[in-house]
Amino acid sequence: RNLALHRPYTITSREPDNAGDDTNDAYSDFGGIQLTNGELMEDSLYSVGFSFRNAEVTLDLGAELCMSSVSVNVATGDGGVAAPRTVEVMLSNDGVTFTSVAMANDIVGSGATGRSIQWVDIVLDGKMARYVRVNVERSQRWIVLNEIRAWSCSGGVVAETYETFGFSGGVWADVPLNVLGINEDSS
17 RNLALHRPYT ITSREPDNAG DDTNDAYSDF GGIQLTNGEL MEDSLYSVGF
67 SFRNAEVTLD LGAELCMSSV SVNVATGDGG VAAPRTVEVM LSNDGVTFTS
117 VAMANDIVGS GATGRSIQWV DIVLDGKMAR YVRVNVERSQ RWIVLNEIRA
167 WSCSGGVVAE TYETFGFSGG VWADVPLNVL GINEDSS
């Protein structure tokens, strides 16, 4: 099951953007819920974008729990939006001292025409922690994150595919999850 579903998190940038802003108004995180609400880019309200900077997201799972993997859903495609260069997972039990436990390097984009989404899966092999920090390094101008999931050791799925859908006039198309065919465990 997804341990991160509806769990609180904080977002920080690991470098300033060119405008010096802490958030990007076009893709900011309204209310701190987009990345753990279980929704995948049905519209732009479910995306959190970082322009010209890397991202750091720290999840609080509420208790020390066993995780089999962490999955990060990202946008790829045109307009400077690309798969990240790296995704690093760090764990902590106190929320202060974090240890790097796994990293996905040289992530290859989906290769789809236009905008698409894809999962970056990081296997943890039963690591225990309360806090999960995901550091995302950009490869082009934009990183757009859609969802972060921490899968329990007792069950869950790891996404293996991405799905492509339309982008027009600066607005993500409304596409129901069942049309996207994304296999998810929402318990």
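So the sequence shown is residues 17 to 203, counted in the numbering used here.
Glycine included, each C-beta is placed from N, C-alpha and C at the ideal position.
Quick one: measure Cβ to Cβ for residue i and residue j, integer angstroms, because I've assumed they're closer than 8 Å.
{"i": "residue 136", "j": "residue 88", "result": "5 Å"}
{"i": "residue 155", "j": "residue 101", "result": "4 Å"}
{"i": "residue 83", "j": "residue 149", "result": "That belief does not hold up - the Cβ atoms of residue 83 and residue 149 are roughly 13 Å apart, past 8 Å."}
{"i": "residue 71", "j": "residue 152", "result": "4 Å"}
If you follow the beta strand (DSSP E) that residue i is part of, which residue opens it and which one closes it?
{"i": "residue 134", "result": "132–153"}
{"i": "residue 163", "result": "158–168"}
{"i": "residue 78", "result": "71–92"}
{"i": "residue 66", "result": "64–67"}
Report yes if the C-beta distance between residue i and residue j is below 8 Å; otherwise report no.
{"i": "residue 166", "j": "residue 90", "result": "no"}
{"i": "residue 140", "j": "residue 117", "result": "yes"}
{"i": "residue 164", "j": "residue 73", "result": "yes"}
Kindly list the residues whose CB is nearer than 6 Å to the CB of residue i, restricted to its own chain and excluding five residues on each side of it in sequence; keep chain order.
{"i": "residue 24", "result": "76"}
{"i": "residue 61", "result": "The predicted model places residue 61 with a pLDDT of 45, which falls under 50 and marks its position as unreliable; any figure quoted below should be read in that light. Same-chain partners within the cutoff: there are none."}
{"i": "residue 168", "result": "17 and 19"}
{"i": "residue 120", "result": "103, 136 and 138"}
Only counting the same chain, and skipping five residues up and downstream in sequence, which positions put a Cβ closer than 7 Å to that of residue i?
{"i": "residue 79", "result": "146"}
{"i": "residue 22", "result": "52 and 53"}
In terms of DSSP beta bridges, what is residue i paired with?
{"i": "residue 27", "result": "73"}
{"i": "residue 107", "result": "115 and 148"}
{"i": "residue 97", "result": "158"}
Counting only the same chain and skipping the five closest in sequence on each side, list residues whose C-beta sits under 8 Å from that of residue i.
{"i": "residue 45", "result": "27, 39, 51 and 64"}
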